[in-house]
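Chemist:
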Amino acid sequence: MISVRIVLTDHYITPVNSQFDPVYSKLRHPIKQVPIIRIFGPNEEGKKVCLHLHGIFPYLLVKSPTDEIRYGEQLAQSLDMAINLSFEKGNTDTKHVHDINLVELLPIYGYHEKMVKFWKIEFYNPSIIRKAADLLLAGAVMNQEFQPHEAHVPFNLQFFIDYNLYGMNFILFNNACERNSSQITTNLSTASNQTTTISSVPRVSSCELEYDVHIDDICNKPPQIGKGIANPGLQALWNVGRILLDLWRILRSEITLNIYTFENAIYHVLHERVPHYDISLLSKWFIDEGLNPSFGLRDFVTLLDYGWTHSMGNFRLLYELDLINKTSEFARIYGIEFYHVLSRGSQYRVESMMIRLAKCLHFITVTPDNRQRLYMRAPECIPLTLEPISNIYFTPVAVLDFQSLYPSIIMAYNICYSTCLGRIDQLDKQGLFKFGCTSLTISDKVLSNLNLDTDIFCSPNGIAFVKRHIRRGILPVMLEEILATRVMVKNTMKLIDKKSTLYKTLDARQLCLKLIANVTFGYTSASFSGRMPCVEVGDTIVHTARTVLERAIDFIRTNPHFGGRVVYGDTDSLFIQFPHSTRAQAFEQSHLLVKALNQLYPSPIKIKFEKIYMQSVLASKKRYVGMSYEIVDQKQGKFDAKGIETVRRDTCLIVSKILQQSLKLLFQTKDVTRVRRYVQFECEKILTNRFNLLDFIFAKEYRGKTRYHPSAPVPALRIAIERAKTNPLAEPNQGERVPYVIGFNTELLNANLIDCVWTLDKVLQYKSQFKLNSIYYIKKQILPALDRCLALIGVNVFKWIDNLLIDVNSNDKQQGSVLDENIHRNTLRQRCIVCLQLTTTPLCNECREEEDLSEIMIICETKANKLERQHANLQRLCLACSDRMDGWFQCSTIDCPIRFRLHKITQLMLNAQETRKFVYNEC
DNA sequence: TTTAGGCAATAGGCTCCGTTCTT
DNA sequence: AAGAACGGAGCCTATTGCCT
6 MISVRIVLTD HYITPVNSQF DPVYSKLRHP IKQVPIIRIF GPNEEGKKVC
56 LHLHGIFPYL LVKSPTDEIR YGEQLAQSLD MAINLSFEKG NTDTKHVHDI
106 NLVELLPIYG YHEKMVKFWK IEFYNPSIIR KAADLLLAGA VMNQEFQPHE
156 AHVPFNLQFF IDYNLYGMNF ILFNNACERN SSQITTNLST ASNQTTTISS
206 VPRVSSCELE YDVHIDDICN KPPQIGKGIA NPGLQALWNV GRILLDLWRI
256 LRSEITLNIY TFENAIYHVL HERVPHYDIS LLSKWFIDEG LNPSFGLRDF
306 VTLLDYGWTH SMGNFRLLYE LDLINKTSEF ARIYGIEFYH VLSRGSQYRV
356 ESMMIRLAKC LHFITVTPDN RQRLYMRAPE CIPLTLEPIS NIYFTPVAVL
406 DFQSLYPSII MAYNICYSTC LGRIDQLDKQ GLFKFGCTSL TISDKVLSNL
456 NLDTDIFCSP NGIAFVKRHI RRGILPVMLE EILATRVMVK NTMKLIDKKS
506 TLYKTLDARQ LCLKLIANVT FGYTSASFSG RMPCVEVGDT IVHTARTVLE
556 RAIDFIRTNP HFGGRVVYGD TDSLFIQFPH STRAQAFEQS HLLVKALNQL
606 YPSPIKIKFE KIYMQSVLAS KKRYVGMSYE IVDQKQGKFD AKGIETVRRD
656 TCLIVSKILQ QSLKLLFQTK DVTRVRRYVQ FECEKILTNR FNLLDFIFAK
706 EYRGKTRYHP SAPVPALRIA IERAKTNPLA EPNQGERVPY VIGFNTELLN
756 ANLIDCVWTL DKVLQYKSQF KLNSIYYIKK QILPALDRCL ALIGVNVFKW
806 IDNLLIDVNS NDKQQGSVLD ENIHRNTLRQ RCIVCLQLTT TPLCNECREE
856 EDLSEIMIIC ETKANKLERQ HANLQRLCLA CSDRMDGWFQ CSTIDCPIRF
906 RLHKITQLML NAQETRKFVY NEC
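Be aware that the first sequence starts at 6, since it is given in our numbering, and climbs by one per residue.
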């Protein structure tokens, strides 16, 4: 037996080889070309193998109006003709259909009582399937409309499913033909106990072994669970070099960062700082070394070190996030290839799992085309999101959650494509009615076999489903399996050391099971892009979920003795305030409530206690924050924010910092005055230029040059166009987050916000001209965010900074936009070094006259000294990271606060030194 | 090639309408 | 006194990113 781990697959078309392939079709024509599936991966000894699988043909199915064999042949002929006609200049004799067979299957789409006869049409070329499906549906074949089935399943996946193969698992076969290699002509000892023969076909890959295999020789058994945790197959990924991982794209979906530069990822994942040198600097170092070895050697070492750090950094990121293991686990469980876990969407995953199950039960899936999707009835239901009773709560608020609500509903009510009878009001009418994106007939005979009371579940939106004793739906069966497995995995995890590899693997398994359970609903209602959407199914799930939630709300309202009041809820969650309880009491009350609520619902629908917010803010729908407690004895609450600016990435760090600190202060002290003082202090720091620029960087996703409305004032777009002008390659990638800050535009009189955008390069290049638009940041970013929370208790935060702005406001009341005014107002202000009053000179006039000269000089000296010391300290920190004395100057990272702080301190130090000079001269 | 819709929020354009300035 | 200019309210669209 030979076994090969399936790491990567592809397919190609090749002329017939009589040694492996059929040469004559049963449809009585000679075969010219056949499809071959290739599988790459290591065998059990770790040798790289390339398999060529013969004898597999892609296929689709159509319902048969008759079961005459003759009819099938006509159908094949007519289809060939239609395809040839559709290629205008094609040879009209080309054969596309390899074979056609009659099979009996159960359509999954809508309830069908009995098996239906289908023609299974096999083709030579996988890429012809789409076209054939379109032609069949369009009525171009035999003057009749055929609804294609399973045409949307990609060839390789179809093969995986039919032969029970899973990505990253083994494919087994007992007979193979080795392709000869000039390098290892004699070394066949490993294969001596196997039934291999030498193939005449030349090799095409660089793999050590290359086999031709016929499909009939595959002997895969059901997968062995628990095997394959240590994973030698993974080595092959790197050796073969066939899978290219775009780490940036992976990280983008894996972790939430403000900006996905290498340096920032390293910092957030590995908690290390690394420098960033501009590519032009690197090439300068590289070239200099050649020209002037003695001078450049130091630079050259940095260059090598830099390259090393970067390459190793990528691996360390992969390792730290356990990406390879995780992705392999996903591949095994979903049964798809390794790379497809990363590159393809979740529909593909659902399909792999669902169609496998469906095939076991002789179900067949339908393939709708775009037009059919388009004409599907629009959904009528949306999830329930309550308008929150917005307030700041200092009494406990409990959060209850329905556990996997959508999957539970699917299971509880046996909701599936295959159990759906369609709309109840259409049932009494005879004939074809619209169903999802195709149509369905439920005959009188079928109906009369069903007892309307006991055999049918009618959803609140008027869709009927047969109950489980009549027909078990595919979706509920699949979900039950998935969730039961997940429970099993989680139980095993409890027994295992948390640091072990096994634990990580199991964790990946349970995570991937959870993901698939959640997207199953999405698959049924993906109306615009879905591969097999069905509005009836999707709508029912949503509507039932709605009624489930409404019922809970109603129960709480009508049972006031629980002491709770619903203040908010979204889709499957409920926020319940206990106005007269302590935290401990609220825990008890909510547990009682959960118990009572669970009596209302059929299994497995279950509501669960999640947490208690003690001190919380419900700002608006999908926006709230609070100090959360998950267990009674928890000492310290956890700051838990949803949807507000502290978790959003479309503002800058300063906003989330100030908001978070303010809220914490408010929660701890319940004293608005303290919050006010804090905010005023922070705003003053910004206005007087004492801040770290890092906190003021916006970084938003760039969608790509052509993906914007022509007039859209998007900073990322403006920057991208600007960059592309000098170097087309410098245009940001699609999805890249482009950093910028808001300053002033002194050239334009009527500047819009977008005209005030500065890239960081520009800021550092024209340091003296750049002034942070502090008014914008305060008035348009920081205060509105605070206002949304604090306005709930009647605080006007905008008034807080009035006196801070008074002296600038009294200036010329120019016409123009707010921004325009700010240009005139934003004279760099400073404080008198002695009395700390705001002035325009380093020393205010009063102090100059009154204070003792020597004292002033001491103050000056101390200040300058202090800054010089700070500067030296920061430089040392920088040295530790870059290993260069001039590191802070050369490094161009935008993710390091130390670098910005150093720039800042340098400036302050120079200012202080100037002040010192000023005082010496003046006095 | 592609799970979904809901939601809040910012920026900026446009129109309407009342107020203020200019001739 | 008539007309122009201004500025705010209200509405719309585009864009972004989070929630379940």
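All residues carry an ideal CB built from backbone N, CA and C; glycine is no exception.
Since the structure is predicted, the reported quantities are computational estimates derived from the model, not experimental observations.
Sort out for me which residues DSSP pairs residue 149 with in a bridge.
Modeler: Answer by DSSP bridge pairing, in chain order: 146.
Chemist: Spatial neighbours of residue 110 within its chain, please: C-beta separation below 6 Å, excluding the five flanking residues on both sides.
Modeler: If we look at residue 110 and ignore the five residues flanking it on each side, its Cβ neighbours are 123, 367 and 369.
Chemist: DSSP has residue 168 in a bridge; who is on the other side?
Modeler: According to DSSP, which records beta bridges pairwise, residue 168 is partnered with nothing at all.
Chemist: Provide the residue span of the beta strand (DSSP E) that contains residue 263, from first to last.
Modeler: Segment: none, residue 263 is in no beta strand (DSSP E) and carries neither H nor E.
Chemist: Return yes when the C-beta of residue 19 is under 6 Å from any heavy atom of the ligand NAP, and no when it is not.
Modeler: Only the bare structure without any ligand can be found here, which leaves the ligand NAP out of the picture.
Chemist: Are residue 181 and residue 216 close, meaning C-beta to C-beta below 7 Å?
Modeler: Contact flag set, yes.
Chemist: Please tell me whether residue 388 and residue 576 are closer than 7 Å, where the distance is taken between their beta carbons.
Modeler: Result yes, Cβ atoms of residue 388 and residue 576 sit closer than 7 Å.
Chemist: Tell me the DSSP secondary structure of residue 47 in three-state form.
Modeler: Strand, per DSSP.
Chemist: Return the Cβ separation of residue 42 and residue 128 in integer angstroms, given the expectation that the two are a contact with Cβ distance under 8 Å.
Modeler: So it is not a contact: roughly 14 Å between Cβ atoms.
Chemist: Any idea what DSSP makes of residue 443, helix, strand or coil?
Modeler: In this structure, residue 443 counts as strand in the three-state DSSP scheme.
Chemist: DSSP three-state label for residue 619, please.
Modeler: Residue state, collapsed to three classes: strand.
Chemist: Considering only their Cβ atoms, is the gap separating residue 651 from residue 667 smaller than 7 Å?
Modeler: No, Cβ-Cβ distance for residue 667 and residue 651 is not below 7 Å.
Chemist: Among 405, 710, 737 and 479, which has the Cα closest to the Cα of residue 611?
Modeler: Comparing Cα-Cα distances from residue 611 to each of 405, 710, 737 and 479, the minimum goes to 405.
Chemist: Taking the C-alpha atoms as reference points, what is the distance between residue 185 and residue 352?
Modeler: Looking at the two C-alpha atoms, the distance is approximately 41 Å.
Chemist: Write down every uninterrupted run of the alpha helix (DSSP H) in the region 28-81 whose length is 4 residues or greater and which is fully enclosed by it, in chain order.
Modeler: Here no run is fully enclosed.
Chemist: Under the DSSP definition of a beta bridge, which residues are partnered with residue 578?
Modeler: Paired residues: 406 and 575.
Chemist: Report all residues from its chain with a CB closer than 6 Å to the CB of residue 175; omit the five preceding and five following residues, and keep chain order.
Modeler: Contacts found: 8 and 10.
Chemist: Please say whether residue 223 and residue 168 have beta carbons closer to each other than 7 Å?
Modeler: In contact: residue 168 and residue 223 (Cβ atoms closer than 7 Å).
Chemist: Among 47, 847 and 743, whose alpha-carbon lies nearest the alpha-carbon of residue 766?
Modeler: Out of 47, 847 and 743, 743 has the C-alpha closest to the C-alpha of residue 766.
Chemist: At what residues does the beta strand (DSSP E) containing residue 892 begin and finish?
Modeler: Here residue 892 belongs to no beta strand (DSSP E); instead the alpha helix (DSSP H) covers 892-895.
Chemist: Beta-carbon within less than 6 Å of residue 478's beta-carbon, same chain only, minus the 5 sequence neighbours each way: which residues are those?
Modeler: The residues are 419, 421, 423 and 424.
Chemist: Entirely within the region 480-512 and at least 3 residues each: give me those beta strand (DSSP E) ranges in chain order.
Modeler: If we require 3 residues or more, the region 480-512 turns out to have no beta strand (DSSP E) run fully inside it.
Chemist: Would you kindly report the start and end of the unbroken beta strand (DSSP E) that includes residue 19?
Modeler: Segment 13-20, the beta strand (DSSP E) holding residue 19.
Chemist: Short of 7 Å in beta carbon distance, which residues of its chain neighbour residue 144, apart from the five on each side in sequence? Order them along the chain.
Modeler: So the list reads 150, once near-sequence residues are dropped.
Chemist: Going by other Cβ atoms of all chains shown within 10 Å of its Cβ, with 16 needed for buried, is residue 877 buried or exposed?
Modeler: Residue 877 should be labelled exposed.
Chemist: Quick check on this structure: which residue in 360, 626, 436 and 349 has the alpha carbon closest to the alpha carbon of residue 930?
Modeler: Here the chain has residues from 6 to 928 only, and residue 930 is not among them.
Chemist: By a C-beta neighbour count over all protein chains shown, 10 Å radius and 16 as the cutoff for buried, is residue 317 buried or exposed?
Modeler: Exposed.
Chemist: How about residue 646 and residue 622: do their beta carbons lie closer than 7 Å?
Modeler: Result no, Cβ atoms of residue 646 and residue 622 do not sit closer than 7 Å.
Chemist: I'd like to know if the region 301-316 and the region 489-504 are in contact, where contact means that at least 3 CB-CB pairs between them fall below 8 Å.
Modeler: Touching, no.
Chemist: Spatial neighbours of residue 392 within its chain, please: C-beta separation below 7 Å, excluding the five flanking residues on both sides.
Modeler: Cβ neighbours of residue 392 beyond the five flanking positions: 626.
Chemist: Between residue 267 and the rest of its own chain, which residues show a CB-CB distance below 7 Å, the 5 nearest in sequence each way excluded?
Modeler: Contacts found: 315 and 318.
Chemist: Can you name the residues that DSSP bridges to residue 104?
Modeler: For residue 104, which the question treats as bridged, DSSP gives the partners 127.
Chemist: How would you label residue 358, buried or exposed, when you count the other beta carbons within 10 angstroms and need 16 or more for buried?
Modeler: Buried: at least 16 other Cβ atoms inside 10 Å.
Chemist: At 4 residues or longer, what runs of the alpha helix (DSSP H) sit wholly inside the region 272-347?
Modeler: Segments of the alpha helix (DSSP H) lying fully in the region 272-347: 284-296, 298-325 and 328-339.
Chemist: Since residue 461 sits in a beta bridge, which residues does DSSP pair it with?
Modeler: Partner(s): 471.
Chemist: Here's the rule I'm using: 16 or more other beta-carbon atoms within 10 Å means buried, otherwise exposed. How should residue 320 be labelled?
Modeler: Result: exposed.
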